[in-house]
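**Student:**
In the numbering used here, the protein residues as written are 771 to 1062.
#1: Which stretch, first to last residue, makes up the alpha helix (DSSP H) that contains residue 916?
#2: Can you find the residues in the same chain that come closer than 7 Å, C-beta to C-beta, to residue 954, ignoring five residues on each side of it along the sequence?
#3: Quickly, what does DSSP pair residue 1027 with across the bridge? List them, please.
#4: Exposed or buried, which one is residue 902 when buried takes at least 16 other CB atoms within 10 Å?
#5: Is the CB-CB distance between residue 911 and residue 942 below 9 Å?
#6: Identify whether residue 939 lies in helix, strand or coil by the three-state DSSP scheme.
#7: If you run the structure through DSSP and keep just helix, strand and coil, what is residue 1033?
#8: Which value, in whole angstroms, describes the spacing of the CA atoms of residue 742 and residue 945?
#9: With DSSP as the reference, label residue 1053 as helix, strand or coil.
#10: Tell me the rounded alpha-carbon separation between residue 968 and residue 929.
#11: If I follow the unbroken beta strand (DSSP E) through residue 876, where does it start and stop?
#12: Along the beta strand (DSSP E) that carries residue 812, what are the first and last residues, could you check?
#13: Closer than 6 Å by C-beta to residue 970: which residues in its own chain qualify, once you throw out the five before and the five after it? Chain order, please.
#14: Quick check: residue 825 and residue 995, are their CB atoms within less than 9 Å of each other?
#15: Is the Cβ-Cβ distance between residue 830 and residue 865 less than 9 Å?
#16: Going residue by residue through the segment 941–1023, where are the continuous beta strand (DSSP E) segments of at least 3 residues, counting only ones entirely within it?
#17: Please confirm whether residue 823 and residue 840 have their CB atoms less than 9 Å apart.
#18: Find the nearest neighbour of residue 1001 within the set 805, 935, 1061 and 890, judged by alpha-carbon distance.
#19: Just checking, does the segment 1041–1049 make contact with the segment 1004–1013 on the three C-beta pairs under 8 Å criterion?
#20: How do the segment 851–867 and the segment 985–994 stand: do at least 3 beta-carbon pairs fall below 8 Å, yes or no?
#21: Please name the residue, chosen from 852, 1013 and 1031, that lies closest to residue 896 on a Cα-to-Cα basis.
#22: By DSSP's criteria, residue 887 is part of a beta bridge. Which residues make up the other side?
#23: Rounded to a whole number of angstroms, what is the C-alpha to C-alpha distance between residue 791 and residue 1011?
#24: Compare the C-alpha of residue 965 against each of 926, 1026, 875 and 940 and name the closest.
#25: Based on the DSSP secondary-structure assignment, which residues constitute the bridge partners of residue 924?
#26: Of the residues 924, 899, 898 and 900, which one's Cα is nearest the Cα of residue 909?
#27: Taking only three categories from DSSP, how would you classify residue 802?
#28: Where does the unbroken beta strand (DSSP E) through residue 829 begin, and where does it stop?
#29: Let me know if residue 1059 comes out buried or exposed under the rule of 16 or more other beta-carbons within 10 Å of its beta-carbon.
#30: Can you check which of these residues, 857, 847, 888 and 880, is closest to residue 836 by C-alpha distance?
#31: In three-state DSSP terms, what is residue 854?
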């Protein structure tokens, strides 16, 4: 739980919360790309990491082994100073059609409670770098929840978002009852979760605020990478501070969120990138950020 006392101490220090080392980084995007994963694919496109869920026969059902690999890859690319943003995608048929029900069906309450079942699904929310979900096809149940854990959602024209868990005799367990309400509003979220059959197509999701932009399926990933590249070209500490501040809006009162934002804003004035960015503006030239 958020501690106001801890926050006050942290905010009062007014120091940048992000540090980038120029030394070689062992756990890198290159290492992730070189790893022989079974359930995901990892590649780099200049300063963007592209991570693809790759269980086509199961419509990218989210198994424990897939999440183990995904979290490992995300940890590596998040620690690579050469990478400024991440794109997460699936196939054209499915971003992820939900949790792996065959794997889940035999689990029981005590084991789930003791192991904090599904707790590892949320690792993506701790990634410092911006993550764009490029959603084609089905994003149902856990797939919809995974997309909502990302910072921006782009959708292909045939994308479908839904939370059908109620039809399986359970409820969303990885944020669906919380993030969906904040994304699309109470009434629409209630209908989606309580009926299990009210889904949003790409354009409905865009109008509701769940999705930022909609593209033709064949250009979706390229468009997501293009936006990720634009973000990655900016000052990485500033991008990450902005992301951190905006995420606080989901956790804090408005007053605490505004204070958190203001202290982060103050801290940017202790960085090279703030001085360079403002000087470049005055001199009417493009800024040359060094991410410090």
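The beta-carbon is built from N, C-alpha and C at its ideal position, and this holds for glycine as well.
From a predicted model like this one, the values you see are computed outputs, not experimental measurements.
**Tutor:** To lay it out plainly:
#1: 912–919
#2: 978, 979 and 980
#3: According to DSSP, which records beta bridges pairwise, residue 1027 is partnered with nothing at all.
#4: Around the beta carbon of residue 902, 16 or more other beta carbons lie within 10 angstroms, which makes this residue buried.
#5: yes
#6: coil
#7: helix
#8: With the chain represented from 771 up to 1062, any question about residue 742 goes unanswered, as that position is not in the structure.
#9: Residue 1053: coil per DSSP, three-state reduction.
#10: 14 Å
#11: Here residue 876 belongs to no beta strand (DSSP E), and DSSP marks it neither H nor E.
#12: 810–815
#13: 931
#14: no
#15: A Cβ-Cβ contact shorter than 9 Å links residue 830 with residue 865.
#16: 983–985
#17: yes
#18: 1061
#19: yes
#20: yes
#21: When only C-alpha atoms are compared, the closest one is 1013.
#22: Residue 887 pairs with nothing; no bridge assigned.
#23: Because residue 791 carries a pLDDT of 44, less than 50, the predicted location of this residue cannot be relied on, and the following value inherits that uncertainty. Cα-Cα distance, rounded: 17 Å.
#24: 940
#25: 904 and 983
#26: 924
#27: helix
#28: Premise fails: residue 829 is in no beta strand (DSSP E) and is neither H nor E.
#29: buried
#30: Ranking the options by Cα distance to residue 836, first place goes to 888.
#31: coil
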